[in-house]
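Numbering (my numbering), first residue to last: 549 to 1013.
In what follows, a single structure is set out as structure tokens and then discussed.
In structure tokens, the structure reads:
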């Protein structure tokens, strides 16, 4: 059995790991690289022949895990993409939206380069098209949670709740010959306990090896009171007379923000302002949630039984057209605008930033992780000037952040997940994190938990001992 780490190795995004055993080849995740300095990797040839892959396993529908699937299919992959039913539906929304954005961004850059009399590099054409994304959709194979399915000759998979986003799974892969079978557990993005809407992470009994995400491997989440912090952001921005912009991932985070706004409004802890969910993708995601009530946690299930929607409240407008989106910026007074993308790397939030970034009375509120090199990370790190639509813009708006929204497990929660096993794994491989977080988690697991953890290099091929 060998593992080749083809993405999220010593970095956060672009998750992709190739497992080879007994002649079978299975790719776990095929994600888009979003760090600015590393985005060129999206255009590089795959490190394997896509036609020789037996199957793809998709842990969840975030773009940094599924975003290169259309390119894989265009390169010749014709196998099945195994994932939960909710993930298949959400991936359809996200991949089609990604293809559209890439086509639009490429066209915009071509026009700008032509006007400037210069030629750009490969981003002048889309990484893949809507047709490529459409060709990917028939390959999805919807798998139930808690059942074991055959992927290829001698390789089987079991999907369990990861607690990260709706439909997200941790996946146990077992392969090899009868006399030498081994198991590798891929955490995917590991979630947290006692979060709203979705179920808690599942604890596994055993795995020989674990590929573990490490986004927050160097820290513990503070015990934030999200309701109080969000109320303060809304009220402060209202008093200042500006707009509250919330860059948000269309999947899970946007729905969670709506959930908490609803709680605050019902308790009259914030003024009843106009609020916009300016993300057609987030609106379509809400429909997927409604089709899979079996994935809700107990509290959410009880709301549904009472006929209450935590995602709807007076004053909320679901924005679909570009014209409606542009009209938001002509509204007088304070409005709450929730728009993608969550790291400000594209999407409608950039247009709202262009209108508000130089307004001291407005607030840019981040509620999710910001990867190195992204516009969101620059703003969170206190940049006084950023590049936006090809021009440098002064940052005069107030930039704030609520960490309690995080959908990623912290160090203690990762240890809680690992400690559920009856026997210790032979080895843990850390991916999906900044190097400093990985090194901190590696040392902690070795010193405090007694687990051997390593940090693979990009494209490193390892045969576990």
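The C-beta atom is built at its ideal place from N, Cα and C for all residues, glycine as well.
Of the listed residues the options, nearest to residue i (C-alpha basis)
{"i": "residue 915", "options": "789, 659, 571, 888", "result": "888"}
{"i": "residue 585", "options": "940, 964, 970, 923", "result": "923"}
{"i": "residue 913", "options": "797, 847, 961", "result": "797"}
{"i": "residue 646", "options": "684, 664, 659, 658", "result": "684"}
{"i": "residue 745", "options": "552, 714, 931, 903", "result": "714"}
{"i": "residue 560", "options": "571, 988, 764, 833", "result": "764"}
{"i": "residue 803", "options": "826, 733, 821", "result": "826"}
{"i": "residue 832", "options": "555, 595, 637, 741", "result": "637"}
{"i": "residue 567", "options": "674, 600, 626, 583", "result": "600"}
{"i": "residue 724", "options": "740, 698, 812, 663", "result": "698"}
{"i": "residue 612", "options": "594, 556, 773", "result": "556"}
{"i": "residue 652", "options": "708, 988, 676", "result": "676"}
{"i": "residue 721", "options": "605, 679, 591", "result": "605"}
{"i": "residue 928", "options": "733, 955, 892, 1008", "result": "892"}
{"i": "residue 641", "options": "618, 877, 788, 770", "result": "618"}
{"i": "residue 590", "options": "650, 936, 933", "result": "650"}
{"i": "residue 859", "options": "970, 886, 686", "result": "886"}
{"i": "residue 808", "options": "909, 554, 941, 950", "result": "950"}
{"i": "residue 740", "options": "573, 984, 845", "result": "845"}
Alpha-carbon spacing of residue i relative to residue j, whole angstroms
{"i": "residue 799", "j": "residue 648", "result": "17 Å"}
{"i": "residue 999", "j": "residue 972", "result": "7 Å"}
{"i": "residue 633", "j": "residue 839", "result": "10 Å"}
{"i": "residue 756", "j": "residue 883", "result": "52 Å"}
{"i": "residue 918", "j": "residue 579", "result": "16 Å"}
{"i": "residue 874", "j": "residue 896", "result": "9 Å"}
{"i": "residue 761", "j": "residue 982", "result": "10 Å"}
{"i": "residue 1012", "j": "residue 718", "result": "20 Å"}
{"i": "residue 571", "j": "residue 867", "result": "49 Å"}
{"i": "residue 774", "j": "residue 783", "result": "14 Å"}
{"i": "residue 974", "j": "residue 736", "result": "19 Å"}
{"i": "residue 594", "j": "residue 564", "result": "11 Å"}
{"i": "residue 660", "j": "residue 871", "result": "22 Å"}
{"i": "residue 625", "j": "residue 898", "result": "34 Å"}
{"i": "residue 682", "j": "residue 869", "result": "22 Å"}
{"i": "residue 939", "j": "residue 904", "result": "15 Å"}
{"i": "residue 855", "j": "residue 926", "result": "42 Å"}
Spatial neighbours of residue i in its chain, beta-carbon cut-off 6 Å, leaving aside the 5 residues before and after
{"i": "residue 817", "result": "779"}
{"i": "residue 696", "result": "704, 706"}
{"i": "residue 1001", "result": "976, 978, 990, 993"}
{"i": "residue 576", "result": "565, 605, 734"}
Same chain only: Cβ atoms within 7 Å of residue i, ignoring 5 sequence neighbours per side
{"i": "residue 587", "result": "581"}
{"i": "residue 965", "result": "738, 749, 751, 957"}
{"i": "residue 960", "result": "768"}
{"i": "residue 837", "result": "714, 803"}
{"i": "residue 1010", "result": "550, 551, 1004"}
{"i": "residue 841", "result": "849, 852"}
First through last residue of the beta strand (DSSP E) which encompasses residue i
{"i": "residue 555", "result": "550–555"}
{"i": "residue 795", "result": "792–795"}
{"i": "residue 946", "result": "946–949"}
{"i": "residue 728", "result": "728–734"}
{"i": "residue 722", "result": "717–725"}
{"i": "residue 575", "result": "572–576"}
{"i": "residue 911", "result": "911–914"}
{"i": "residue 703", "result": "703–709"}
{"i": "residue 936", "result": "933–936"}
Close Cβ partners of residue i (< 8 Å) along its chain, the five nearest in sequence each way excluded
{"i": "residue 742", "result": "748"}
{"i": "residue 812", "result": "775, 778, 779, 782, 818"}
Bounding residues of the alpha helix (DSSP H) (the contiguous stretch that carries residue i)
{"i": "residue 675", "result": "Unbroken run through residue 675: none, as it is neither H nor E."}
{"i": "residue 985", "result": "983–992"}
{"i": "residue 833", "result": "828–839"}
{"i": "residue 564", "result": "Run containing residue 564: none in the alpha helix (DSSP H); it sits in the beta strand (DSSP E), 564–569."}
Any non-hydrogen atom of the ligand FMN closer than 7 Å to residue i Cβ
{"i": "residue 885", "result": "With respect to the ligand FMN, the structure shown offers nothing to examine, as it has no ligands at all."}
Beta strand (DSSP E) runs wholly inside the segment 612–658, at least 3 long, in chain order: Every beta strand (DSSP E) stretch that sits fully inside the segment 612–658 and reaches 3 residues is listed by chain position as 628–632.
Of all the alpha helix (DSSP H) runs that stay within the bounds of the segment 866–896, which reach a length of 4 or more residues? Within the segment 866–896, the complete alpha helix (DSSP H) runs of at least 4 residues are 870–875.
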